[in-house]
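Visitor: Protein chains in written order, with this note's numbering: chain A, 1 to 615; chain B, 1001 to 1615. A virtual CB, placed ideally from N, CA and C, is assigned to each residue, including glycine. The following block contains the structure, expressed as structure tokens.
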């Protein structure tokens, strides 16, 4: 099979050799590696959360920037509530409790599908936002690359997609290094920066090249404040990752996961509040081409030195890791949804590298689309991000309330209260986000979620209908046709035709060759040669007023089919197999047309007998 | 067949209903319609030829522009020689004597293939250049549209392509109007302009918006003069059209064609020289956004009045017509080349509207490509145009010399001398064009011609090889295998499977069902149901260490094939036919994979038994 060999070799080269089933185990995570693997998403959002708050406040003038700190503190408080709420999910669902599963078990199908839609959208946005922000970290350090941010972003997505098609998911441990590198470098920045401010050693930051214009005309309305707050809530994204990943931990799984979640929250809040407070202390002005973190690092470390580049590099790395977590989550969730028949079954197929290839490809395509449409701009993507996150938060927490009410285990009222508060708070945030962000792009998500839910339902209905139609349980015994009329279309006497006739004769005693008369001379020649090579099969000649070979042939086949309701009609086509794939360009695809035309007729089967050209 | 219906209805709507063969006659052309139909290409080139001369000369300063007139006169002289030369081809080849046919019959295959390559490239450039120049006529009149010239150009190509797929070629008579409209309006311009100059009534023209910078530093070198001359030779393009179209004339065909050719030459020279001389008299300066003809019309008619717009409109119309002639020539030539087995046979297929659809599509794709690559700029495309034109001129005339020497009819020496002069002159022009234009883009054509010739040869070799392999003349009697082992892959008990088993049983007494064991429970269930539904066919269960369904199955089929060299193996696949095309998205394309994998095995045939889902 040299022709297959090339393709499968290319595939092997790109995605690696197949992995057998019995190697399908995951390495279990300790708390230290668990924090690294599952926290990159929530931790990395500190890279852009503060900036998103500042960019809204600046509309009301430079003085309004001082409101970032109280907003940051409120967000930190809500994050703490959400984390407490999720700790309970971890203990209640040691097998992994994503919003889809929790909603399905406790609320109902519609809620589960809404959660599923929100989560899938979210994962796509995690990739898009994280990569855009990672590229912003690069272009802040290397301003010359700013014009190529879309190309850089798309490049990163392609690398992630290829890596995940190979199955890098299995090698989680290499993630530890960048995550801790990020934590150490950002906390160093925060501590050193705070120390300098407190000792009065801090210097003003050189203004960025391309500051967002400070409009003095904007009023500081409640709507503006809420918008700034909505933007800051990006700091909360990705909290769900730990509760999804409980079974990946070393035993005792729930306990380790819970401890990891709390550690993640503490670090996350420390970094987010640190950056927000310092931004004010250093008088950072949001800019179109330099991130807030980059400006802060310049200010604290006194210019673009080694420490500055370390912060930028670690920010870029953790954002790419954050995007990578979506590459584990999206395909896994879509395979679960497909298993429930709400997505096409192709999403269930694990490839031969144990990765859900179709999920990986779908995720990459949508993320690339978003990055191109929104010009690789984090700020433009953020409004789309929050709705999905808070829909799934709210449904998940509300589901937990029902869970406790249903089970009524000891102390259930307390647990229900905690989740209830979580649901209420995230629900309110959801409302705020939807109202303040709708006109900036969130409306897309508000339209997309019901659309996806309808798609899920259509899919489900189709599979149920097919199952019914295929079932042998109801309905009568399928009728068995006994006869088979074999038709061999022929245009001239060739080896491939003789071979097709031979094959046809093994199928049935009732074989007939059919020739469409488009060229009088050729037809006569065929008639002349038929005695010698026709293998005793009768030859039928059909006339063709429109020069079409296809239509008279199809009509003839349909006539035979109509005349023998007790039998099949098999059309046997001689078909070339060229020695090289590009030789296909030299041959008409008539066989394909015949197959296509007869594909919808019951009791008609079209078969190609390959004739292999040697060169 | 509702599913087929939609597609063919869409096709009917776009390209029209099929036309039966017996309507495949052309209306014969009188001299008057013949001039209109076949001369649009040569006549239309006066719209840009003068401008192309001026744009080169302006490099050597405004004074150098006065050299346009002598250059124009030389070109007019050469055009006269070429026309006389072609008159002889018309009489020698009353069946139509294109450069490909004349070269093939008189010089040899390589010359013919070079001519063919040159002509095909030429037709593509005729479309690109004519459309670009036609759009320039529009944007000169409506400067606001200048920025959209690429979009406009592509739009025109698409309209021409769709029109020709419908077969507008048949309705040649509607072409008469725009051609004579153009002749009348340009000759009016020339006559009125000349009268005003001679009576001293001419006024200076307002300078165009965007003049090509007059560099005073450029030297008036011989190379520059030759470059200007090369550019002006665009006036000669399309002369071949009449000699190609001889059989389309009313009898006596050759005489009518010859008279038409001379009329075309006289009108063409009058218009070209008129515009060139007047441009000087009115002091026209070439501009990036307004054509020379537009400036001249402004000057002669005293601004943008009715007469001005008439000239611009007729120029645009005839240029679109000129592009349309390539839509008759390219598909016809490529079908002739394909008939000789030098191009894939798809180019021979006349569609059901009697148009060579594939040629039309290929021509359009290449023209659009050129227009986009060169920004829809006539001036940028011109350097590519001349090489192909003069290669075919030279080969065609040289071929005629050989023709006369070979036949030695009465007076052959005189005829040979005329064609010899024609060949020598066009050969020299070819050399001049190649040298002066190579660095401006003509190198692309100098590379493309040999490349196309190699493609022609590769194609020819392939078809010859296939014919040998398929021939029953040599080699022994094809062996007839008698046995047929039928294999039905099965994954679960369903109606579609039962149907496939029934069908398989009509093919051969040797049928076996094969199940790949990827899920122990499912396999056991299948075993349990087999007695009830298995139709007495034996069930083989294969194990699968890599979860792959495909590989164990393929191996098993290959084993059967190896064990029975005296027989075929037929794999019968149950395959769903969904009720709606988009339902395909819900189902794995496993059948396609199996077919692909077994496609290269001799003696193995794969058949799908359609199972039609009702909803």
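Report, in whole angstroms, the separation of the C-beta atoms of residue 292(A) and residue 440(A), which I expect to be a contact under 8 Å.
Guide: As a position in the first chain, residue 292(A) is number 292, starting the count at 1. As a position in the first chain, residue 440(A) is number 440, starting the count at 1. Not confirmed; about 19 Å, so no contact.
Visitor: My assumption, with CB atoms under 8 Å, is that residue 54(A) sits in contact with residue 279(A). Please give the rounded CB distance.
Guide: Taking the first chain and counting its residues from 1, the one referred to as residue 54(A) is at position 54. Taking the first chain and counting its residues from 1, the one referred to as residue 279(A) is at position 279. Going by Cβ atoms, the distance from residue 54(A) to residue 279(A) rounds to 7 Å, so yes, they are a contact pair.
Visitor: Could you tell me whether the Cβ of residue 169(A) comes closer than 8 Å to any Cβ of chain B?
Guide: Counting from one through the first chain, the residue named residue 169(A) turns up at place 169. Here residue 169(A) scores only 48 on pLDDT, less than 50, and its place in the model is too uncertain to base an answer on.
Visitor: Enumerated in chain order, which unbroken segments of the alpha helix (DSSP H) with a length of 4 residues or greater are wholly contained in the region 1074 to 1157 of chain B?
Guide: If we require 4 residues or more, the alpha helix (DSSP H) runs fully inside the region 1074 to 1157 of chain B come out as 1099 to 1106 and 1109 to 1141.
Visitor: Output, in sequence order along the chain, the residues in the region 1563 to 1593 of chain B whose CB is closer than 7 Å to any CB in chain A.
Guide: So the close ones are 1568, 1577, 1583, 1585, 1586 and 1588.
Visitor: Can we count residue 1194(B) as close to the ligand ADP, meaning its CB is less than 7 Å from some heavy atom?
Guide: The ligand ADP is not part of this structure, which contains no ligands at all.
Visitor: Quick one: is residue 1480(B) near chain A, going by C-beta distance under 8 Å?
Guide: Translated into the one-based positions of the second chain, residue 1480(B) becomes position 480. Closer than 8 Å: yes.
Visitor: Give every residue of the same chain whose Cβ lies closer than 7 Å to the Cβ of residue 614(A), excluding the five residues on either side of it in the sequence, and list them in chain order.
Guide: Working through the first chain from its first residue, we reach residue 614(A) at position 614. If we look at residue 614(A) and ignore the five residues flanking it on each side, its Cβ neighbours are 579.
Visitor: Ignoring anything shorter than 3 residues, give me the beta strand (DSSP E) runs that lie fully in the region 534 to 572 of chain A, in order along the chain.
Guide: Qualifying beta strand (DSSP E) stretches, in chain order: 539 to 543.
Visitor: Figure out for me which residue from 1358(B), 1248(B), 1437(B) and 1404(B) has the closest Cα to the Cα of residue 1107(B).
Guide: Here residue 1107(B) refers to the residue found at position 107 of the second chain. Measuring from the Cα of residue 1107(B), the nearest candidate turns out to be 1404(B).
Visitor: Smallest Cα separation from residue 593(A): which of 455(A), 575(A) and 151(A)?
Guide: By one-based count along the first chain, residue 593(A) stands at place 593. Measuring from the Cα of residue 593(A), the nearest candidate turns out to be 575(A).
Visitor: Name the chain A residues whose beta carbon is nearer than 8 Å to that of residue 1459(B)?
Guide: For the purposes of this step, residue 1459(B) is identified with residue 459 of the second chain, where counting begins at 1. Those are 586, listed as they occur along chain A.
Visitor: So residue 272(A) and residue 124(A) are in contact, right, with Cβ under 8 Å, and what is the actual spacing, rounded?
Guide: As a working note, residue 272(A) is residue 272 in the first chain. As a working note, residue 124(A) is residue 124 in the first chain. About 24 Å separates the two Cβ atoms, so there is no contact after all.
Visitor: DSSP beta-bridge partners for residue 1513(B)?
Guide: Within the second chain, numbered from 1, the residue matching residue 1513(B) stands at position 513. Paired residues: 1488(B) and 1539(B).
Visitor: Identify the contact partners of residue 1246(B) in chain A, using a Cβ-Cβ distance below 7 Å as the criterion.
Guide: Here residue 1246(B) corresponds to residue number 246 of the second chain, with the count starting at 1. By Cβ distance, chain A contributes nothing, its closest Cβ being about 26 Å from residue 1246(B), past 7 Å.
Visitor: What is the DSSP secondary structure of residue 249(A), reduced to helix, strand or coil?
Guide: Your numbering for residue 249(A) matches position 249 in the first chain. If DSSP states are grouped into helix, strand and coil, residue 249(A) belongs with the strands.
Visitor: Pull up the distance between the alpha-carbon of residue 467(A) and that of residue 1554(B), whole angstroms please.
Guide: As a first step, residue 467(A) must be located in the first chain, where it is residue number 467. As a first step, residue 1554(B) must be located in the second chain, where it is residue number 554. Each residue's Cα considered, the two are about 27 Å apart.
Visitor: Residues of chain A with a CB under 8 Å from the CB of residue 1465(B): which are they?
Guide: As a first step, residue 1465(B) must be located in the second chain, where it is residue number 465. Going along chain A in sequence order, the residues near residue 1465(B) (Cβ under 8 Å) are 613 and 615.
Visitor: Name the two residues that bound the continuous alpha helix (DSSP H) containing residue 1435(B).
Guide: As a position in the second chain, residue 1435(B) is number 435, starting the count at 1. Residue 1435(B) -> alpha helix (DSSP H) spans 1412 to 1437.
Visitor: So residue 372(A) is in the alpha helix (DSSP H); what residue range does that whole segment cover?
Guide: Translated into the one-based positions of the first chain, residue 372(A) becomes position 372. Taken as a continuous stretch (DSSP letters only), the alpha helix (DSSP H) holding residue 372(A) covers 357 to 373.
Visitor: Measuring only the C-alpha atoms, how far is residue 1582(B) from residue 1129(B)?
Guide: In the second chain, counting from the first residue as 1, residue 1582(B) sits at position 582. In the second chain, counting from the first residue as 1, residue 1129(B) sits at position 129. Looking at the two C-alpha atoms, the distance is approximately 42 Å.
Visitor: List the residues of chain A that residue 1484(B) touches, going by C-beta distances under 9 Å, in chain order.
Guide: As a first step, residue 1484(B) must be located in the second chain, where it is residue number 484. Neighbours of residue 1484(B) on chain A, chain order: 503, 506 and 507.
Visitor: Which of helix, strand or coil does DSSP assign to residue 1201(B)?
Guide: As a first step, residue 1201(B) is located in the second chain; it is residue number 201 there, counting from the start. Looking at residue 1201(B) - three-state DSSP - the assignment turns out to be coil, as it is neither helix nor strand.
Visitor: What is the residue span of the alpha helix (DSSP H) that residue 1450(B) lies within?
Guide: For the purposes of this step, residue 1450(B) is taken as residue 450 along the second chain, with counting starting at 1. Residues 1442 to 1470.
Visitor: Hey, how far is the Cα of residue 133(A) from the Cα of residue 66(A)?
Guide: Sequence index remark: in the first chain, residue 133(A) carries index 133 (1-based). Sequence index remark: in the first chain, residue 66(A) carries index 66 (1-based). Roughly 24 Å between the two C-alpha positions.
Visitor: Applying the 10 Å Cβ sphere with the 16-neighbour rule, what's the burial state of residue 1198(B)?
Guide: For the purposes of this step, residue 1198(B) is taken as the residue at position 198 of the second chain. It counts as exposed.
Visitor: Going by other Cβ atoms of all chains shown within 10 Å of its Cβ, with 16 needed for buried, is residue 1254(B) buried or exposed?
Guide: Counted from its first residue, the second chain places residue 1254(B) at position 254. Residue 1254(B) should be labelled buried.
Visitor: Below 8 Å on the Cβ atoms is my guess for residue 1182(B) versus residue 1034(B); work out the distance and round it to an integer in Å.
Guide: Numbered from its first residue, the second chain carries residue 1182(B) at position 182. Numbered from its first residue, the second chain carries residue 1034(B) at position 34. Their Cβ separation, rounded to whole angstroms, is 16 Å, which puts residue 1182(B) and residue 1034(B) out of contact at 8 Å.
Visitor: Any idea if residue 426(A) is buried or exposed, counting beta-carbon neighbours within 10 angstroms, 16 or more meaning buried?
Guide: Position 426 of the first chain holds residue 426(A). So residue 426(A) ends up on the buried side.
Visitor: So, helix, strand or coil for residue 607(A), using DSSP?
Guide: In the first chain, residue 607(A) corresponds to position 607, counting from 1. Strand.
Visitor: Would you say residue 1314(B) and residue 1140(B) are within 8 Å of each other, going by their C-beta atoms?
Guide: As a first step, residue 1314(B) is located in the second chain; it is residue number 314 there, counting from the start. As a first step, residue 1140(B) is located in the second chain; it is residue number 140 there, counting from the start. Not a contact, by the Cβ cut-off of 8 Å.
Visitor: Quick check: the Cα distance between residue 1004(B) and residue 562(A), rounded to an integer number of angstroms?
Guide: Position 4 of the second chain holds residue 1004(B). Position 562 of the first chain holds residue 562(A). With a pLDDT of 44 at residue 1004(B), under the threshold of 50, the modelled position of that residue is not reliable, and the figure given next carries that caveat. Each residue's Cα considered, the two are about 19 Å apart.
Visitor: Using a Cβ-Cβ cut-off of 8 Å, state whether residue 221(A) counts as contacting chain B.
Guide: Taking the first residue of the first chain as 1, we reach residue 221(A) at position 221. With 8 Å as the cut-off, residue 221(A) does not count as an interface residue toward chain B.
Visitor: Given that a residue counts as buried once 16 or more other Cβ atoms are within 10 Å of its Cβ, and exposed if not, what is residue 260(A)?
Guide: In the first chain, counting from the first residue as 1, residue 260(A) sits at position 260. The residue is buried, with at least 16 neighbouring Cβ atoms inside 10 Å.
Visitor: By DSSP, does residue 1290(B) sit in helix, in strand, or in coil?
Guide: For the purposes of this step, residue 1290(B) is taken as residue 290 along the second chain, with counting starting at 1. Three-state DSSP puts residue 1290(B) in coil, outside helix and strand.
Visitor: Starting from residue 29(A), follow its DSSP beta bridges and name the residues at the other end.
Guide: Counted from its first residue, the first chain places residue 29(A) at position 29. The partner list for residue 29(A) (beta bridge, DSSP) reads 249(A).
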